[in-house]
Structure formats: C-alpha cells, structure tokens
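Undergrad: Going line by line, the protein sequences match chains L and Z. Numbers in our numbering are just positions in the first sequence, counted from 1, shifted up by 35. Numbers in our numbering are just positions in the second sequence, counted from 1, shifted up by 4.
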Amino acid sequence: MPESSDAPDEPTGTDGAPASRRLARFSKAQLLVALLVAALGFAIVVQLRQTEQQGLASLRQSDLVRILDDVGDRRDRLAAEASDLESQRRQLSDVRTGDQAALDAARSRASTLGILAGTVAAKGPGVEVYITDPQASVRAATLLDLVQELRDAGAEAIQIGSARVIASTSFTDVDGGIAVDNVMLRAPYTVRAVGDGQTMATALEIPGGVIASMPAGAHATVATHDEVEVTALHALPDPQYARPAVTPSPAPPAS
Amino acid sequence: MIPAIGLVVGIVAGLLLQPSVPVWAQPYLPIAVVAALDAVFGGVRALLDGIFDDKVFVVSFLSNVIVAAFIVYLGDQLGVGSQLSTGVVVVLGIRIFSNVAAIRRHLFHA
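1) Are the CB atoms of L268(L) and R174(L) nearer to each other than 7 Å?
2) If you compare alpha carbons, which of R110(L), L179(L), T132(L), R112(L) is closest to I213(L)?
3) Going by DSSP in three states, R174(L) sits in which element: helix, strand or coil?
4) Based on Cα-Cα distance, which residue from G14(Z), Q30(Z), V38(Z), V13(Z) lies nearest to V95(Z)?
5) Would you say L96(Z) lies against chain L (beta-carbon separation less than 7 Å)?
6) Are G230(L) and G161(L) close, meaning C-beta to C-beta below 7 Å?
7) Nearest chain L C-beta to V117(Z) closer than 7 Å, yes or no?
8) Let me make sure I understand the geometry here. Which of Q233(L), L220(L), I195(L) has the alpha-carbon closest to that of A188(L)?
9) Please classify Y165(L): does DSSP put it in a helix, a strand, or coil?
10) For A40(Z), which residues in chain L fall below 8 Å Cβ to Cβ?
11) Check the DSSP bridge columns for R227(L) and list the partner residues they point to.
12) Got a sec, what are the start and stop residues for the beta strand (DSSP E) F56(Z) sits in?
13) So is A59(L) buried or exposed if we call it buried at 16+ other beta carbons inside 10 Å?
14) Given a threshold of 16 other Cβ atoms within 10 Å of its Cβ, counted over all protein chains shown, does S122(L) qualify as buried or as exposed?
15) Classify D210(L): buried if its beta carbon has 16 or more other beta carbons within 10 angstroms, exposed otherwise.
16) Can you give me the start and stop residues for the beta strand (DSSP E) that I213(L) sits inside?
17) Please decide whether I6(Z) counts as near chain L, where near means a Cβ-Cβ distance under 7 Å.
18) Quick check on the burial criterion: 16 or more other C-beta atoms within 10 angstroms. Buried or exposed for G47(Z)?
19) At the 7 Å Cβ level, is V68(L) part of the contact set with chain Z, yes or no?
20) Exposed or buried, which one is D57(Z) when buried takes at least 16 other CB atoms within 10 Å?
21) Q82(L) CB to nearest chain Z CB: under 7 Å?
22) For chain L, check one thing: does any of its Cβ atoms lie closer than 7 Å to the Cβ of L19(Z)?
23) According to DSSP, simplified to helix, strand and coil, what is A258(L)?
24) For D261(L), tell me which candidate among V80(L), G196(L), R227(L) has the shortest Cα-Cα distance.
25) Is there a C-beta anywhere in chain Z that falls below 7 Å from the one on A59(L)?
26) Residues bridged to K158(L) by DSSP?
27) What ranges does the alpha helix (DSSP H) occupy inside the segment 59-115 of chain L, keeping only unbroken runs of at least 4 residues that lie completely in it?
28) Out of G107(L), T207(L), L75(L), D104(L), which has the shortest C-alpha to C-alpha gap to A17(Z)?
29) Taking 7 Å as the CB-CB limit, is D58(Z) close to chain L?
30) Near A157(L), what residues of its chain come up, given a Cβ to Cβ distance below 6 Å and the 5 sequence neighbours on each side ignored?
Okay, here's the thing in structure tokens:
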C-alpha cells in the first residue's frame, strides 16, 4: 500500500501547532484522548471475550443451517447407536435370564439325576428296615427282593449298609454276608429308603411279602420315619466309550 | 504517554469487570472497534508526522465509530447487514494498513 497522506478523515492537525504548545495543553484534550483509547481497549477486550463466549449468535444463517444439519445428523447417528445398544442390552439380558433359567433347570435336573445315579446324598421321608440275621441265612436274592419291593413302592433312593443302591447295583453272595456293588456287608443289615414311607412299609409288611418271607433265623423290622438320610454315594466312573449323542440334553449316565 | 496508559487501563478494566455486551450493541461493537483502531492508527501516524491534534483525533475517533456503527445499522435495516459490515471492515482494514505502512516508514525508514 503506498503512503496515502491524503486519507479523507485522517486525524491530522491542520493548524500546525508547535510541539511545545501541544505539550503545554496537556490536560483536557489529552485526557479525552486517553479516555477514548481506554474505551477502545475496553471495547476490544469485551468484544474478544464476547466472541469467545458467543457460539451461535454471531453466525450467519447458512452457517446456522449447516450446523443444524450437522447436529441433526449427529443426533440421528447417536439415536441409531443408542437403539443398537439398547437392543444389544436387551438381547444380553434376555440371554442372561435364559441362561439363568437353563442353569436352574440344569441344576435341578443334575440333582435329580444325581439322586437317581446315587452320586448325591438324599434325604426325605422314608423307611428304615433293620434285618437281624444271626445265622447268616439272608441271601443276596432276599435283599434283591427287598430292593425290588421298595422300588415298586416308589422308593427314590435306597441305601443298604454303606452301599448306595442304584439301577446297576449287583448283589452277590459271599462268605458270611452279601456284597452289594463290591461292598462287603454283614448282618445285621440296615436298609434305608427315601420315598412314601407308608406305601413302602405297607408293601414290605404285606402278608406273604418280603418281610414275611424272610428266611428262617432272620428277622426284619420296618420303621417309618419323617426323615431318612441316604448318605452313601455311588462312585460314578467316567464312561470310557460312550459319548453323548447329538441331543444336547444330558441323558442319565448310569441309569 | 497518557493515551497508552489509557489503553492499558481500558484493557485491564475490561479484563477485571468482564462485562457482557448488551444484545442491541452486539452487531455494532466489532465494527466500532475496527473503526476506532483505524482512528488510533491514524492518530499515531499523525503523531509521527508531527501533525497530531487532539481535537481532530477525538472528532475522528467518534465519527469513525458512529459512522461505522450507523452503516452496519443501515445495512441491517436494508437486509444487507453482513455484506455492508464486510465492506466497512475492508475499507477500514485498507486504511489501517496504509496508516501502519506510514508508521513503519517513520519508525524503520523502510
């Protein structure tokens, strides 16, 4: 820009006053100038601060429209994201409750199967059969009859001595006693069965039944209890060859 | 010297008071500031030329501010406020540049 000394309203003194005189009249005019310049500084600072503060008020319409579009797009994106997350959360919580239900069902099923398989202890109402056999005349067949009778009467868990009776339990005559699943038992025998006590007791004591047909020398008494504990457990070996088939529901392994 | 002190005082006052610009003044304050800057640079140039006059400066300052604000106001009323503001800023910017060029020649002889 070339030097333009003839700018229209440039504040140039036209009276050509000497410098000494200007310095002399120091007071009012100088103060007025200082006041104006102070006002300028004040206004600059205020305006700068205002420009920092004001976000949208100073923008033009086109800018505002663009910002509005941006905000709208952003809002749409966030809304979509929120709905995604919402459905995800719902899904997860559904899965979790479903898992919980499945877990509960599986636990209940596992305990049922455990009682059937003899891997968990059981307790409940039932009967206790006490067999005295001083002459060792009770054979394995007698105990098997007893167990069958209990099963027919609805026994859910049976224990003879320290042997848990399950579906695959074997009864073998050995010298001086009976081996129940390789557990050597000797008289007197204590049979505990969880189930409907009255039904089982009736079934056992029926005339011509198991109790009545005990071999000579053996004597059995049946006692009904509100709570019978079947604590003996059957060690369940892992199947060596059998694997679950395609059906995902666990089949009772040992029954 | 006193004007420089005044400038400092004004800036400090603005920093300390932290006033908010009234809504009615918001469109005009930026233009008024630019116009006042133009007057101040013109005053500095006149001072260096040795022809500074208080009265001329005061009148120039006030008229600059008022005219600039009035032009913006008129533009707002006519619906061309932003364009007219741009025009005023351009004109004042050119004047500020020319004044600064003169000041530079005085100070640096270049």
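Backbone N, C-alpha and C fix where the C-beta goes; we use that ideal spot for every residue, glycine too.
TA: Straight from the coordinates:
1) no
2) L179(L)
3) coil
4) V38(Z)
5) no
6) yes
7) Since the first residue of chain Z shown is 5 and the last is 114, residue 117(Z) is not available in this structure.
8) Q233(L)
9) strand
10) L71, A74, L75, A78
11) E163(L), Q194(L)
12) That residue, F56(Z), is in no beta strand (DSSP E); it is neither H nor E in DSSP.
13) With a pLDDT of only 49 at A59(L), under the threshold of 50, the placement of this residue in the model should not be trusted; the figure read from the coordinates follows. Burial call: exposed.
14) exposed
15) exposed
16) 212-215
17) yes
18) buried
19) yes
20) buried
21) yes
22) yes
23) strand
24) R227(L)
25) Residue confidence for A59(L) is low, a pLDDT of 49 falling below 50, so the modelled location carries little weight and cannot support an answer.
26) E264(L)
27) 63-88
28) L75(L)
29) yes
30) I150, A192, V229, V265
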